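Heads up, our numbering is the position in the sequence shown plus 204, with the first residue counted as 1.
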Amino acid sequence: MIYRIYIEVGYRKIALDFKSSQEAGDFASTLLSHINTGAGENKSKLSFEVINPEAIDEDEEDE
């Protein structure tokens, strides 16, 4: 499985992939602690997705 975290700040969106849920969770926790301690209004978003790599491979083969 691949654990993907999306970080959205304004109109930019970054996807980060992790090999384990522990890595993804640790990163998200650290990131959120930094975001929440920032000054001013915050318009950033964080979302999480679990991806089955086998499904991705099948989709690419169909194209």
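All C-beta atoms in this analysis are idealised placements derived from N, C-alpha and C, irrespective of residue type, glycine included.
Please read these numbers as outputs of a predicted model, since none were measured by experiment.
*May I ask which residues mark the beginning and end of the beta strand (DSSP E) holding Tyr215?*
Taking the first residue of the sequence shown as 1, we reach residue 215 at position 11. Unbroken run through Tyr215: none, as it is neither H nor E.
*Would you decide whether Tyr215 is buried or exposed? Buried here means 16 or more other CB atoms lie within 10 Å of its CB.*
The residue you call residue 215 lines up with position 11 of the sequence shown. Its Cβ having fewer than 16 others within 10 Å, Tyr215 is exposed.
*Can you tell me which of the three DSSP states Ser237 falls into?*
Residue 237 sits at position 33 when you count from the first residue of the sequence shown. Helix.
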